[in-house]
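Written out below as structure tokens is the structure these notes cover.
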Amino acid sequence: MADDAKPLDLELADRVDKEIVYEEQEPVLYEVRNHVAYVTLNRPTQHNAQNSQMLYALDDAFVRAVDDDAVKVIVLKSEAKHFSQGHDIGTPGRDFDARVEERKTVWYDHSNKPGAEKAFAREQEVYLGFCKRWRALPKPTICQVHKGCIAGGLMLAWVCDLIIASDDAFFQDPVLTMGFPGVEYFAHCHELNVRIAKEFLFLGERMSAERAYQMGMVNRVVPREELAESVSAIAEKIARQPRLGLALTKQACNHIEQLQGKDTGIDAAFGYHHFAHAQNSLVKGDYIGGHDLKSMAKSNKAKGA
Ligand code: ZN
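Here the sequence shown stands for residues 0 to 304, where the numbers follow numbering that gives the first Met the number 0.
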């Protein structure tokens, strides 16, 4: 080594040894019927708050469905009170600090990284990386949404090809309250007309299934009691189409979105999102601005529709 060579930067942080209490051993359920794989979010006591445990289980379920030649279509759904209340920011099963041995992207372990690098590395994997990966699944995906589809819940719905909602469903991205320019997968301006997306973000209000349908974000709205049956009927109808034709059609549509700059925009917004995480840490001493599930649930409700 030359005399003037600087030492390698190996600055690492101590891993946080926090007790994690998982209330479900199977945070995602899996079932196949009539060539359709049903992937069910299963943290009912936490309204399907998404922790790493759930997101890795979700990835496993999607890969299982892709690998099974008998499966033609994948349905993502919830049996809980809501579809999903978003990312886990405060349940006993919150596993933000946990090291994940087998990661799915090329990102390195986040759990021993200092400062803003920790959340950046983690979200590259479990939020941005997973969303891009799931959007590219080679089989058609349908998101079946009832009640709340909030913040991180939107990310799961948006990466699916079709969204079928019940008439009691609502959609909300309230994270501007925490200082963020929307959730990590910034598809807002592709899912909605830009002016509507701004309204959705600035106000953080609930958007009803009916309005989401009018805006083109949702394919169909059906009565709650007919939701599961309607989704199965659509999924089974798609399942009768040829496999490769479906994969090619999906890829062609996704490619057009890419030509419109979807990922480029999402990548830029992800940088802003992490600037906001860092600003929160600097100003509030906490990367999510001192909020937790309770304070956000209260604030989300107060925003209304
Ligand atoms: Zn984030």
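We put the CB at the ideal spot given by N, CA and C, even for glycine.
Contained alpha helix (DSSP H) runs [length at least 4] in the segment 162-223, N- to C-terminal order: Secondary structure remark: continuous alpha helix (DSSP H) runs of at least 4 residues inside the segment 162-223, in chain order: 187-190, 193-202 and 208-213.
Would a C-beta distance cut-off of 8 Å place ALA246 and LYS71 closer than the cut-off? No, these two residues do not count as a Cβ contact at 8 Å.
If I follow the unbroken alpha helix (DSSP H) through GLN52, where does it start and stop? It spans 51-66 - the alpha helix (DSSP H) in which GLN52 sits, taken as one unbroken run.
I'd like the list of long-range same chain contacts for PRO137, defined as Cβ closer than 8 Å, with 5 residues on each side in sequence excluded. Closer than 8 Å at the Cβ level, and outside the excluded window around PRO137, lie VAL65, ALA246, LYS249 and GLN250.
Tell me, please, whether the segment 119-128 touches the segment 97-104 by the rule of three or more beta-carbon pairs shorter than 8 Å. Yes: at least three Cβ pairs fall under 8 Å.
On the DSSP letters alone, give me the boundaries of the alpha helix (DSSP H) that GLU256 sits inside. Residues 242-258.
Does the contact criterion of 3 or more C-beta pairs under 8 Å hold for the segment 30-47 versus the segment 4-19? Output reads no: the segment 4-19 does not touch the segment 30-47.
Separation of SER51 from TYR107, as counted between CA atoms: Between TYR107 and SER51, the C-alpha separation is close to 15 Å.
Whole runs of the alpha helix (DSSP H) within the segment 79-152, excluding any shorter than 4 residues: When DSSP assignments are scanned along the segment 79-152, the uninterrupted stretches of alpha helix (DSSP H) that are 4 or more residues long and fall wholly within it turn out to be 116-122 and 129-134.
Using three-state DSSP, classify ILE287 as helix, strand or coil. Reduced to three states, the DSSP call for ILE287 is coil.
Let me check understanding here. Comparing Cα to Cα, which of TYR184, SER298 and ASP67 lies closest to ARG132? Residue TYR184 is the option with its Cα nearest to ARG132.
Using beta-carbon positions only, say whether VAL144 and PHE61 come within less than 8 Å of one another. Contact: no.
Would you say GLU116 touches the ligand ZN, meaning its beta carbon is less than 7 Å from a heavy atom? Annotation for GLU116 indicates a beta carbon at 7 Å or more from all heavy atoms of the ligand ZN.
Residues bridged to THR39 (per DSSP): Bridge pairing for THR39: LEU28 and LYS76 [DSSP].
The alpha helix (DSSP H) that contains GLU235, what's its start and end? From DSSP, the alpha helix (DSSP H) with GLU235 extends over 226-238.
By a C-beta neighbour count over all protein chains shown, 10 Å radius and 16 as the cutoff for buried, is CYS130 buried or exposed? CYS130 is buried by the Cβ-count criterion.
Please tell me whether, using a cut-off of 7 Å, the distance from the CB of HIS276 to the nearest non-hydrogen atom of the ligand ZN is below it. In this structure, HIS276 has its beta carbon less than 7 Å from a heavy atom of the ligand ZN.
Please classify CYS188: is it buried, with 16 or more other beta-carbons within 10 angstroms of its beta-carbon, or exposed? With 16 or more other Cβ atoms within 10 Å, it is buried.
Quick one, which of VAL282, VAL221 and LEU281 has its alpha-carbon nearest ALA168's? Residue nearest to ALA168 within the set VAL282, VAL221 and LEU281 is VAL221 (criterion: CA-CA distance).
Using alpha carbons as the reference points, say which of ILE149, MET177 and PRO113 lies closest to ASP13. Ranked by Cα distance from ASP13, the options ILE149, MET177 and PRO113 are led by PRO113.
Could you check whether the segment 280-300 touches the segment 83-94, counting it as contact only if at least three pairs of C-beta atoms, one from each stretch, sit closer than 8 Å? Using a C-beta cut-off of 8 Å, the segment 280-300 makes contact with the segment 83-94, since at least three inter-stretch Cβ pairs fall below that distance.
Return helix, strand or coil for ALA304, following the three-state DSSP convention. It is coil, neither helix nor strand.
Is GLU122 near the ligand ZN, in the sense that its beta carbon is under 7 Å from a heavy atom of that ligand? True, at least one ligand heavy atom lies under 7 Å from that Cβ.
Cβ of HIS272 within 7 Å of any heavy atom in the ligand ZN? Between the ligand ZN and HIS272, a heavy atom-to-CB distance of less than 7 Å is present.
Can you tell which of ALA227, HIS272 and GLU190 has its C-alpha closest to the C-alpha of MET214? When only C-alpha atoms are compared, the closest one is GLU190.
Whole-angstrom Cβ separation of VAL174 and VAL182, contact assumed at under 8 Å? Rounded to whole angstroms, the Cβ separation of VAL174 and VAL182 is 6 Å, and the two are in contact under 8 Å.
Helix or strand or just coil, what does DSSP make of ALA48? In this structure, ALA48 counts as strand in the three-state DSSP scheme.
Apply the 10 Å Cβ neighbour rule to GLY128 and answer buried if 16 or more other Cβ atoms are within range, or exposed otherwise. GLY128 sits buried, since 16 or more C-beta atoms from the chains shown fall within 10 Å of its C-beta.
CA-CA distance, GLU30 and GLN240? Using only the alpha carbons, I get a separation of about 21 Å.
When you compare only the Cα positions, how much space is there between CYS148 and LEU54? Going by the C-alpha atoms only, they are around 16 Å apart.
Pick from ARG134, ILE265, ILE233 and CYS142 that is closest to ASN33, judged by C-alpha positions: Ranked by how close their Cα comes to the Cα of ASN33, the residues ARG134, ILE265, ILE233 and CYS142 have ILE233 in first place.
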